[in-house]
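Participant: Numbering (the numbering used here), first residue to last: 404 to 470. The C-beta atom is built at its ideal place from N, Cα and C for all residues, glycine as well. Sharing a structure with you now.
If you want it as structure tokens, here you go:
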């Protein structure tokens with residue numbers, strides 16, 4: 404569907420083609436999926452990970468920059 408809407412083929416499997424971060428990470432007792440689909444959620448994720456500066460970092464200013 405993304406190709407039909409934007410003309411852009413989705414990226415590789417294992418990560419959402421337009422939301423970053425969106426991935427399963429292995430932990431010592433299983434997996435956890437981390438996803439932050441917009442700037443507000445990314446800011447909350449950065450705060451939860453004790454790195455609130457990430458939300459203001461130009462390298463993370465958009466989903467395209469986070470890839």
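In this structure, how does DSSP classify residue 410 when only helix, strand and coil are distinguished?
Facilitator: As a first step, residue 410 is located in the chain shown; it is residue number 7 there, counting from the start. Reduced to three states, the DSSP call for residue 410 is coil.
Participant: Where do the ends of the alpha helix (DSSP H) carrying residue 450 lie?
Facilitator: Translated into the one-based positions of the chain shown, residue 450 becomes position 47. 442-451 is the extent of the alpha helix (DSSP H) around residue 450.
Participant: Decide if residue 427 is buried, meaning its Cβ has at least 16 other Cβ atoms within 10 Å, or exposed.
Facilitator: Here the question's residue 427 lines up with position 24 in the chain shown. Burial call: exposed.
Participant: Residue 462 and residue 468 look like a contact to me (Cβ under 8 Å); what is the Cβ gap, rounded to whole Å?
Facilitator: On the chain shown, residue 462 is found 59 positions in, with the first residue counted as 1. On the chain shown, residue 468 is found 65 positions in, with the first residue counted as 1. The pair is a contact, with the Cβ atoms about 6 Å apart (cut-off 8 Å).
Participant: Provide the residue span of the beta strand (DSSP E) that contains residue 427, from first to last.
Facilitator: Here residue 427 refers to the residue found at position 24 when the chain shown is read from its first residue. 425-430 is the extent of the beta strand (DSSP E) around residue 427.
Participant: Output yes or no for whether 8 Å exceeds the beta carbon distance between residue 438 and residue 425.
Facilitator: Translated into the one-based positions of the chain shown, residue 438 becomes position 35. Translated into the one-based positions of the chain shown, residue 425 becomes position 22. In contact: residue 438 and residue 425 (Cβ atoms closer than 8 Å).
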